[in-house]
Structures are given as structure tokens and as C-alpha cells.
Amino acid sequence: AHAFWDSWLHERDILVPLGLEPEVQSDELWAATWYSLVAGLAQGGLLGDPAPVGPGTAEPFEVEIVFDEFPDRGLRLGVDTGVSIHEVPTPDSSSVANVGSALELVEYFTGRETTTDVRLPDPLAEHLDRARQIL
Numbered sequence: 079a080h081a082f083w084d085s086w087l088h089e090r091d092i093l094v095p096l097g098l099e100p101e102v103q104s105d106e107l108w109a110a111t112w113y114s115l116v117a118g119l120a121q122g123g124l125l126g127d128p129a130p131v132g133p134g135t136a137e138p139f140e141v142e143i144v145f146d147e148f149p150d151r152g153l154r155l156g157v158d159t160g161v162s163i164h165e166v167p168t169p170d171s172s173s174v175a176n177v178g179s180a181l182e183l184v185e186y187f188t189g190r191e192t193t194t195d196v197r198l199p200d201p202l203a204e205h206l207d208r209a210r211q212i213l
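Spelled out as C-alpha cells, the structure:
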């Protein structure tokens with residue numbers, strides 16, 4: 079997964095500055111988003127874990143999110159002493175946060191963008207901000 083994520087990002091690193099926007103394949107964006115979140119959740123620190131960028135979350139949390147590109151395909155993310163991420167095939171819109179663009183999240187999280195319109199639930203945003211400091 080890491081090798082795919084890395085190559086997907088570097089293809090964008092080469093083509094986008096040349097003004098060549100690579101076609102975004104839905105399955106590739108899903109995989110890149112999934113891995114970005116897994117890496118970010120782990121790097122943001124686990125419950126009681128002081129590394130790698132300072133204290134991790136003080137409380138376990140779980141959130142469900144969907145993206146503009148995947149309105150019928152959500153993710154349930156959780157952090158405690160470990161990281162969990164599960165697909166929610168038909169998310170219940172009353173309990174799921176639509177956070178905006180998956181592509182924009184990946185671009186922001188990996189440092190390609192400095193601002194984003196992605197609207198993450200607070201515990202997830204705080205957690206990924208810690209991770210983003212080192213990515």
C-alpha cells in the first residue's frame with residue numbers, strides 16, 4: 079500500500095507542476111486516501127504514546143466520514159492504542175460527516191497544499207495536524 083501511495087503521489091509531483099493534470103481514477107484515489115488516513119492516524123500518536131510528534135490523543139475517538147467523490151462509500155476511523163479503519167459501504171448520512179474532497183485532503187495532508195476546504199471532525203483534524211508536522 080505504501081509503495082502504491084508513494085508512486086501515486088510522485089506521479090502528481092511530476093505532472094502537476096508541468097501543467098499536466100493526471101486523470102484521477104476512482105479506485106486509485108480511494109486507495110491513496112485510505113493510506114493517507116492510515117499513515118496519518120498512526121503518525122498522529124496513539125493513546126498514551128508520546129511519539130513520534132508529541133503526545134497522541136488523550137481520549138480514544140471514532141468518526142465516520144464520506145468524501146464528495148465517494149458519497150455512498152464511507153470510512154469509519156478510530157484511534158486508541160491502535161488504529162482502525164473500515165469501509166462503510168452505505169453510510170447513514172445522519173451519523174457521517176461529509177468532509178469534502180478526498181483529493182484535496184490527500185494533497186493537503188502530504189504537504190502539496192497549504193490550505194484546504196476539507197472539513198474534518200475536530201478529533202480527526204487535531205490528530206492529522208500532529209501527523210502532518212512530520213510528513
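In terms of this note's numbering, the sequence shown opens at residue 79 and continues consecutively.
A virtual CB, placed ideally from N, CA and C, is assigned to each residue, including glycine.
Opening and closing residue of the alpha helix (DSSP H) in which residue i lies
i	result
Val-116	104-121
Leu-206	200-210
Leu-84	At residue 84 the sequence reads Asp, which differs from the Leu that was named. Here the alpha helix (DSSP H) through Asp-84 covers 80-93.
Beta carbon of residue i nearer than 9 Å to that of residue j
i	j	result
Asn-176	Phe-145	yes
His-205	Thr-159	no
Ala-203	Trp-108	no
Gly-152	Val-166	yes
Thr-188	Leu-87	yes
Glu-137	Val-174	no
Nearest neighbour of residue i, chosen from the options [CA to CA]
i	options	result
Thr-194	Asp-150, Ala-120, Tyr-186	Tyr-186
Ala-209	Pro-167, Pro-169, Ala-120, Glu-106	Ala-120
Ser-171	Val-184, Arg-154, Pro-95, Val-161	Arg-154
Ser-162	Glu-101, Leu-96, Gly-118	Gly-118
Leu-115	His-164, Asp-105, Arg-190	His-164
Val-258	Tyr-113, Leu-96, Glu-89	Nothing can be reported for residue 258, as the shown portion of the chain is limited to 79 through 213.
Range covered by the beta strand (DSSP E) that runs through residue i
i	result
Val-184	From DSSP, Val-184 is part of no beta strand (DSSP E) but of the alpha helix (DSSP H) over 180-187.
Glu-140	139-145
Residue i, buried or exposed, once every other Cβ within 10 Å from all chains shown has been counted against 16
i	result
Val-157	buried
Pro-100	exposed
Leu-183	buried
Leu-124	buried
Collapsed DSSP secondary structure at residue i in the structure displayed
i	result
Glu-165	strand
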